[in-house]
Each structure stands twice: as C-alpha cells, then as structure tokens.
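Quick note on this note's numbering: the sequence shown kicks off at 261 and runs consecutively.
We put the CB at the ideal spot given by N, CA and C, even for glycine.
Below is one structure, written out as structure tokens; the observations come after it.
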Amino acid sequence: MEPSASVRFFDTQFERQLAAGELQLNPFEQAALPFLQGHVLDCGCGLGNLALAAAQRGCTVVALDGSAAAIAHLQALAVAHRLPITAARADLRDHVPPREAFDAVVSIGLLMFFACTDARRQLSRLQAAVRPGGVAAVNVLIEGTTYLDMFGAEAHCLFGRDGLRQAFDGWTLLHDAEQDFAAPRGLVKRFSTLIARRPGRSA
261 MEPSASVRFF DTQFERQLAA GELQLNPFEQ AALPFLQGHV LDCGCGLGNL
311 ALAAAQRGCT VVALDGSAAA IAHLQALAVA HRLPITAARA DLRDHVPPRE
361 AFDAVVSIGL LMFFACTDAR RQLSRLQAAV RPGGVAAVNV LIEGTTYLDM
411 FGAEAHCLFG RDGLRQAFDG WTLLHDAEQD FAAPRGLVKR FSTLIARRPG
461 RSA
C-alpha cells in the first residue's frame with residue numbers, strides 16, 4: 261500500500277512527536293475518552309494515544325491507521341503493557357468496518373483528508389459500525405479553516421459547520437463543540453467535534 265501525501269505528512273509529524281515525547285491526549289481525544297466503553301474502533305488512531313487510554317480503562321480496541329510507523333509504535337506498546345489492542349495498517353479511504361460490531365467508534369482528524377464524496381461515504385460506514393445504543397465520536401475540520409498546508413495538492417473536505425449535526429440527525433447528541441486553533445502565518449484551523457449515541461438498545 262503506497263502511502264498518500266497526507267500519510268507521509270503524518271509520518272513526519274509522528275516522528276517529531278515521538279522524539280519530543282508528545283504522547284498526551286489532544287483536546288478532542290480528551291473529550292471522547294469518557295464516552296468510550298466495551299469494544300472500540302479507533303479509525304485513524306495515529307500513535308494510538310487514545311487507544312492506549314481506552315484500553316487502560318478496560319476497553320478492547322481495534323486501532324487502524326494508514327501510517328506503518330504509527331501502527332508499529334502502537335503494537336509495541338500494546339504488547340509491552342499487555343493491553344487488549346489490535347492495531348493494523350489500513351487504507352481508511354476505502355475501509356469497510358463490520359456493521360454494528362462496536363460499542364464505540366472514534367474518528368478524530370481523519371475524514372477531512374478524503375475527497376468529500378469519500379469522506380461522507382466513510383462517515384456513513386463508521387456510523388453503521390456502531391451497535392444500537394453505542395456511541396460515535398467524530399472530529400473534522402470545517403468551513404472557516406484557512407490553514408490547508410497539511411493537504412498539499414490532494415483532495416480534501418472541509419465539512420459544513422452543521423455537517424456533522426446533519427449526518428447524525430436522529431442520534432442523541434452527547435457533545436457538540438466548534439473550536440478554532442491558531443496556525444502559522446496568522447491562519448486558523450476550525451474543528452467540529454461531535455459525540456452522539458445511536459438510537460436503540462445494545463444487545
């Protein structure tokens with residue numbers, strides 16, 4: 261599997277984070293963690309900080325990412341700490357998770373790296389992977405973002421400001437936040453984070 265430009269971008273970022281020891285949860289992961297339980301899918305897990313934290317809280321975790329370096333790092337930590345994490349490299353642009361297989365599904369900072377058609381399709385697939393009564397936690401860049409260096413020349417998708425809310429119509433909203441973060445050259449990254457519970461009861 262040939263890594264995309266965005267995966268190469270994150271490989272470089274992961275190497276920097278590892279060298280600097282920057283392994284703490286980011287604000288979006290901190291928001292998601294209290295809602296995770298049972299069998300969890302972390303789609304776009306990066307270095308696995310959230311997967312590790314969830315496993316330490318008693319979850320079993322399937323962690324997927326396009327970065328071979330990130331997955332190797334997470335696999336080593338899972339083995340060293342005997343944590344119930346299955347980490348694997350995957351092409352997340354086309355990945356189809358099993359339907360209704362997870363109590364919680366997480367996708368933080370991933371979908372905006374796909375063309376909008378692909379991003380919306382993958383969001384629907386992630387929603388379908390949540391069991392009735394389970395939780396989805398999704399974080400994306402939205403319109404109003406002016407810093408786009410991480411995308412290079414590749415297709416990407418800035419969701420509408422109400423895009424996630426519309427996608428999760430009928431779900432129970434547990435957390436809904438929009439946050440701006442300063443970026444180089446006076447530019448901005450604008451994120452939407454939504455955590456919602458799927459209707460129905462878990463078996």
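Worksheet item: How close, in whole Å, do the beta carbons of Ala328 and Leu285 come, if the pair is a contact with beta carbons under 8 Å?
Response: Within the sequence shown, the letter at position 68 stands for residue 328. Within the sequence shown, the letter at position 25 stands for residue 285. Not quite, the Cβ-Cβ distance comes to about 23 Å (not below 8 Å), so this is no contact.
Item to complete: Please report how far the alpha carbon of Asp422 lies from the alpha carbon of Arg381, in whole angstroms.
Response: For this step, residue 422 is matched to residue 162 along the sequence shown. For this step, residue 381 is matched to residue 121 along the sequence shown. Asp422 and Arg381: Cα-Cα distance of roughly 17 Å.
Worksheet item: So what's Ser327 in DSSP terms, helix, strand or just coil?
Response: Working through the sequence shown from its first residue, we reach residue 327 at position 67. Residue state, collapsed to three classes: coil.
Worksheet item: Are the beta-carbon atoms belonging to Asp440 and Leu424 less than 9 Å from one another?
Response: For the purposes of this step, residue 440 is identified with residue 180 of the sequence shown, where counting begins at 1. For the purposes of this step, residue 424 is identified with residue 164 of the sequence shown, where counting begins at 1. Leu424 sits away from Asp440, with the two beta carbons spaced by 9 Å or more.
Worksheet entry | Counted within 10 angstroms of its Cβ, other Cβ atoms place Leu458 as buried (16 or more) or exposed | In the sequence shown, the residue the question calls residue 458 occupies position 198. The amino acid occupying residue 458 in the given sequence is Arg; Leu does not appear at that position. Arg458 comes out buried.
Practice prompt. Report yes or no: do the stretch 390-406 and the stretch 290-304 share at least 3 C-beta pairs separated by less than 8 Å?
Written response: Because the criterion of three Cβ pairs below 8 Å is met, the stretch 390-406 and the stretch 290-304 touch.
Practice prompt. Report the option in Ala291, Ala336, Leu447 whose CA atom is closest to the CA atom of Asp409.
Written response: Taking the sequence shown and counting its residues from 1, the one referred to as residue 409 is at position 149. Selected option, being the one with the closest Cα: Leu447.
Practice prompt. Have a look at the DSSP bridge pairing and note the partners of Arg349.
Written response: By 1-based counting over the sequence shown, the position of residue 349 is 89. According to DSSP, Arg349 bridges with Asp325.
Worksheet entry | Whole-Å CB distance - Ile464 paired with Phe362, under 8 Å assumed | Any property of residue 464 remains undetermined from this structure, which presents the chain solely from 261 to 463.
Discussion item. Measuring only the C-alpha atoms, how far is Leu310 from Val366?
Written reply: On the sequence shown, position 50 is the one that residue 310 refers to. On the sequence shown, position 106 is the one that residue 366 refers to. Rounded to the nearest angstrom, the two C-alpha atoms are 9 Å apart.
Worksheet item: Which first and last residues belong to the alpha helix (DSSP H) in which Phe288 is found?
Response: Numbered from 1 along the sequence shown, position 28 holds the residue referred to as residue 288. Start and end: 287-292.
Worksheet item: When burial is assigned at 16 or more other CB atoms within 10 Å of the CB, is Val339 buried or exposed?
Response: To locate residue 339, count along the sequence shown from 1; it is residue 79. Its Cβ having fewer than 16 others within 10 Å, Val339 is exposed.
Fill in: Spatial neighbours of Glu438 in its chain, beta-carbon cut-off 6 Å, leaving aside the 5 residues before and after
Position 178 of the sequence shown, counting from 1, holds the residue named residue 438. Answer for Glu438: Ser452, listed in chain order.
Fill in: Cβ-Cβ distance between Val337 and Asp325 below 9 Å
Translated into positions along the sequence shown, residue 337 becomes position 77. Translated into positions along the sequence shown, residue 325 becomes position 65. Checking the displayed sequence, the identity of residue 337 turns out to be Leu instead of Val. Their beta carbons are not under 9 Å apart, which means Leu337 does not touch Asp325 by this criterion.
Discussion item. Just list the residues that DSSP pairs His299 with in beta bridges.
Written reply: Here residue 299 corresponds to residue number 39 of the sequence shown, with the count starting at 1. Paired residue(s): Thr320.
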